[in-house]
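In full-length UniProt numbering, the protein residues as written are 1 to 286.
Note that beta-carbon positions come from the ideal geometry of N, C-alpha and C, so glycine has one too.
In this text the structure is predicted, and so the values were computed from the model without any measurement.
What follows is a short report on a single structure.
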């Protein structure tokens, strides 16, 4: 697989003196094209700050972020705005749809801003994958919350972004709609080969992704390949043996991380059971 996103020593500090807050403290991360990964952590853990930096909404205090090999860490406001529109799809808890425009118009807005013609075949594929093909001429106020979030996801996908960043996309939905949105994200990942990074505080939702990255106090403390099947199928890389879940597969299928920060970024291979797993340490910080 090809690496699509890379973070190197990301540090974010707000304020100074007694008001100084370290939101991110030396985050290293590598995401490959086509992955569906989730970053999970409690409120205040730094997960949303990390998403904002990955989406060039904020700049890091220190470190670099590369998207498709391009360093986005020092872009000015104009460059960041263009980058976000063309390279990153952003989905938030609140749908942020324009209420006076139809669903179709909302979805096409990023292309209209660049005066680009939509790819009709791709547009049809998106709305079909997300199950809103019959709602395109509706106004947002005529849709349910789940349908509005699907429209927001379609808008984020319309530019064929390098990566889709979803910040608590189910936070404003009930359980049934939440499950549907996660299912739609999985379909987008599979059908459109879309790289997705999901931010959530809910480990149950995170386990639906192929990979679960745990963040705490601004540091990545765990990185597991889950295969979207649940906790029992999760292969983890942590600070030591106690941080690894082997899913009953046996010692040969289990990789223990924590070898040290000099071992580079996480890579993937096949375990003896045929499941993809991490083979090298991704600098998991104890």
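message: Tell me the rounded alpha-carbon separation between residue 222 and residue 214.
response: Counting from 1 along the chain shown, the entry for residue 222 is found at position 222. Counting from 1 along the chain shown, the entry for residue 214 is found at position 214. If you take the alpha carbons of residue 222 and residue 214, they lie about 5 Å apart.
message: How far does the alpha helix (DSSP H) with residue 154 in it extend, from its first residue to its last?
response: By one-based count along the chain shown, residue 154 stands at place 154. That run of the alpha helix (DSSP H) goes 145 to 157.
- request: Using only alpha-carbon positions, find the residue among 91, 218, 53, 169 that is nearest to residue 155.
  value: Here residue 155 is taken as the residue at index 155 of the chain shown, counted from 1. Per the C-alpha coordinates, the member of 91, 218, 53, 169 positioned closest to residue 155 is 91.
query: By Cβ distance, which residues of its chain are closer than 7 Å to residue 251, with the 5 residues on each side in sequence left out?
result: The residue labelled residue 251 in the question sits at position 251 within the chain shown. Confidence in residue 251 is poor, its pLDDT being 35 and thus under 50, which makes the residue's placement unreliable; the coordinate value appears in the next sentence. Closer than 7 Å at the Cβ level, and outside the excluded window around residue 251, lies no residue.
field: Presumed contact (8 Å Cβ cut-off) between residue 48 and residue 59, rounded CB distance
entry: Here residue 48 corresponds to residue number 48 of the chain shown, with the count starting at 1. Here residue 59 corresponds to residue number 59 of the chain shown, with the count starting at 1. The C-beta distance from residue 48 to residue 59 rounds to 15 Å, too long to fall under 8 Å, and the pair is not in contact.
- request: Taking residue 63 and residue 9 to be in contact with their CB atoms under 8 Å, please state how far apart those CB atoms are, rounded to whole angstroms.
  value: To locate residue 63, count along the chain shown from 1; it is residue 63. To locate residue 9, count along the chain shown from 1; it is residue 9. Under the criterion of beta carbons closer than 8 Å, residue 63 and residue 9 qualify as touching, at roughly 4 Å.
- prompt: Taking buried to mean at least 16 other C-beta atoms within 10 Å of its own C-beta, is residue 195 buried or exposed?
  reply: As a working mapping, residue 195 is identified with position 195 in the chain shown. Residue environment: residue 195 is assigned as buried (16 or more neighbouring CB atoms within 10 Å of its CB, all protein chains considered).
query: In whole angstroms, what separates the C-alpha of residue 33 from that of residue 174?
result: In the chain shown, the residue the question calls residue 33 occupies position 33. In the chain shown, the residue the question calls residue 174 occupies position 174. Approximately 31 Å between the Cα atoms of the pair.
task: Assign residue 147 to one of two classes, buried (16 or more other C-beta atoms within 10 Å of its C-beta) or exposed (fewer than that).
output: Along the chain shown, one-based indexing puts residue 147 at 147. Residue 147 comes out buried.
query: Rounded to a whole number of angstroms, what is the C-alpha to C-alpha distance between residue 25 and residue 218?
result: Position 25 of the chain shown, counted from the first residue, corresponds to residue 25. Position 218 of the chain shown, counted from the first residue, corresponds to residue 218. Looking at the two C-alpha atoms, the distance is approximately 5 Å.
query: Hey, residue 192 and residue 157 are a contact pair by Cβ (cut 8 Å); roughly how many whole angstroms apart?
result: Residue mapping note: residue 192 aligns to position 192 of the chain shown, counting from 1. Residue mapping note: residue 157 aligns to position 157 of the chain shown, counting from 1. At roughly 7 Å, the Cβ-Cβ gap stays under 8 Å, so residue 192 and residue 157 are in contact.
query: Can you tell me whether residue 356 is buried or exposed, with buried defined as 16 or more other CB within 10 angstroms of its CB?
result: It is not possible to answer for residue 356, since the shown part of the chain is limited to 1 through 286.
- request: Return yes when the Cβ of residue 68 is within less than 8 Å of the Cβ of residue 162, no when it is not.
  value: Position 162 of the chain shown, counted from the start, is the residue given in the question as residue 162. Position 68 of the chain shown, counted from the start, is the residue given in the question as residue 68. In this structure, residue 68 lies closer than 8 Å to residue 162 by Cβ.
query: Is it a yes or a no for the stretch 104 to 119 touching the stretch 178 to 190, going by three-plus beta-carbon pairs under 8 Å?
result: The stretch 104 to 119, when compared against the stretch 178 to 190, does not touch it at the 8 Å Cβ threshold.
field: C-beta atoms of residue 152 and residue 96 nearer than 8 Å
entry: The residue you call residue 152 lines up with position 152 of the chain shown. The residue you call residue 96 lines up with position 96 of the chain shown. Yes, they are a contact pair.
message: For a test of the three-state rule: what should DSSP assign to residue 32, helix, strand or coil?
response: Stepping through the chain shown from its first residue, residue 32 is reached at position 32. DSSP places residue 32 in strand when its eight states are reduced to three.
field: Own chain, CB closer than 6 Å to residue 36, minus 5 neighbours either side, in chain order
entry: Residue mapping note: residue 36 aligns to position 36 of the chain shown, counting from 1. Spatial neighbours of residue 36 in its own chain (CB-CB distance under 6 Å, excluding positions within 5 residues in sequence) are listed in chain order as 189, 196, 209, 210.
query: Where do the N-terminal and C-terminal ends of the beta strand (DSSP E) with residue 121 fall, by residue?
result: Looking up residue 121 in the chain shown gives position 121. Note, residue 121: premise wrong, no beta strand (DSSP E); alpha helix (DSSP H) at 120 to 129.
Other residues of its chain near residue 83: CB distance less than 7 Å, five sequence neighbours each side excluded: For this step, residue 83 is matched to residue 83 along the chain shown. If we look at residue 83 and ignore the five residues flanking it on each side, its Cβ neighbours are 56, 72, 75.
- request: Determine the direct distance from the alpha carbon of residue 44 to that of residue 23, and round the result to whole angstroms.
  value: In the chain shown, the residue the question calls residue 23 occupies position 23. In the chain shown, the residue the question calls residue 44 occupies position 44. Cα to Cα, residue 23 sits roughly 8 Å from residue 44.
- prompt: Around the Cβ of residue 164, are there at least 16 other Cβ atoms within 10 angstroms (buried) or fewer (exposed)?
  reply: Here residue 164 refers to the residue found at position 164 of the chain shown. Label assigned to residue 164: buried.
task: Identify which residue in 120, 145, 50, 134 has its Cα closest to the Cα of residue 94.
output: As a first step, residue 94 is located in the chain shown; it is residue number 94 there, counting from the start. Comparing alpha-carbon positions, the option among 120, 145, 50, 134 lying closest to residue 94 turns out to be 145.
field: Backbone CA spacing between residue 135 and residue 120 [nearest angstrom]
entry: In the chain shown, counting from the first residue as 1, residue 135 sits at position 135. In the chain shown, counting from the first residue as 1, residue 120 sits at position 120. When only Cα atoms are considered, residue 135 and residue 120 end up about 16 Å apart.
- request: Inspect the beta-carbon positions of residue 201 and residue 40 and report whether they are closer than 8 Å.
  value: As a position in the chain shown, residue 201 is number 201, starting the count at 1. As a position in the chain shown, residue 40 is number 40, starting the count at 1. In contact: residue 201 and residue 40 (Cβ atoms closer than 8 Å).
- prompt: Among 172, 199, 5, which one has its Cα closest to the Cα of residue 70?
  reply: Here residue 70 is taken as the residue at index 70 of the chain shown, counted from 1. The candidate whose alpha carbon is nearest that of residue 70 is 5.
field: Whether residue 11 touches residue 78 by CB criterion (8 Å)
entry: As a first step, residue 11 must be located in the chain shown, where it is residue number 11. As a first step, residue 78 must be located in the chain shown, where it is residue number 78. Not a contact, by the Cβ cut-off of 8 Å.
message: I'd like the list of long-range same chain contacts for residue 203, defined as Cβ closer than 6 Å, with 5 residues on each side in sequence excluded.
response: Counting from 1 along the chain shown, the entry for residue 203 is found at position 203. Short of 6 Å from the beta carbon of residue 203, and not among the five residues preceding or following it, lie these beta carbons of its own chain, in chain order: 40.
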